[in-house]
Amino acid sequence: MVAAHQSLDVTSDSAMFLRLWDSAKLTPTLARQLLKLAWSESDQARMKELTQRNQNGELEAAEAEELDNYLRVGLTLSILQSRARKVLKESTRIKSQK
109 MVAAHQSLDV
119 TSDSAMFLRL
129 WDSAKLTPTL
139 ARQLLKLAWS
149 ESDQARMKEL
159 TQRNQNGELE
169 AAEAEELDNY
179 LRVGLTLSIL
189 QSRARKVLKE
199 STRIKSQK
């Protein structure tokens with residue numbers, strides 16, 4: 109069974125990708141674009157199907173890997189979007205102080 113919540117191993121591809129974003133400045137323009145990213149309807153349907161099959165103990169190995177990939181990418185996206193919201197909040201705060 110696939111874990112519903114997983115933390116990122118520091119050597120994982122997602123953790124490495126997030127470290128790249130730590131070293132770069134996230135501009136308000138880029139932050140707004142990140143907040144527009146979302147799964148397509150077909151991806152959402154596939155994730156729902158895989159999650160249901162996982163809960164029923166019916167996943168095959170390839171499907172478990174696919175679900176893990178969705179989870180890792182989703183977690184990475186959530187972290188990036190959280191950072192984007194912080195950048196925009198800070199940008200708004202700085203503008204209001206001027």
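The C-terminal position of the sequence shown is numbered 206 in our numbering, with every residue numbered one higher than the one before it. Positions of the beta carbon are idealized from the N, C-alpha and C atoms, including for glycine.
Practice problem: Give me the Cα-Cα distance between Q186 and E168, rounded to the nearest whole angstrom. | Solution: Looking at the sequence shown, residue 186 is not Gln but Ser. Going from the Cα of S186 to the Cα of E168 covers about 27 Å.
Quiz item: Where in the region 121-194 do unbroken runs of the beta strand (DSSP E), each at least 3 residues long, occur, reported from the N-terminal end onward?
Solution: none
Practice problem: Report the rounded CA-to-CA distance for A146 versus Q205, giving the unit in angstroms. | Solution: 32 Å
Quiz prompt | Same chain, Cβ closer than 7 Å to A139, neighbours up to 5 away in sequence not counted | solution = A192, V195 and L196
Quiz item: Between the region 146-158 and the region 169-186, do at least 3 Cβ pairs fall closer than 8 Å?
Solution: yes
Practice problem: Below 7 Å CB to CB, which residues in the same chain sit around S122 once its five sequence neighbours on both sides are set aside? | Solution: L116, R180, L183 and T184
Quiz item: So what's T200 in DSSP terms, helix, strand or just coil?
Solution: helix
Quiz prompt | Sequence-distant residues of its chain with Cβ nearer than 6 Å to R161 (five each side left out) | solution = L167
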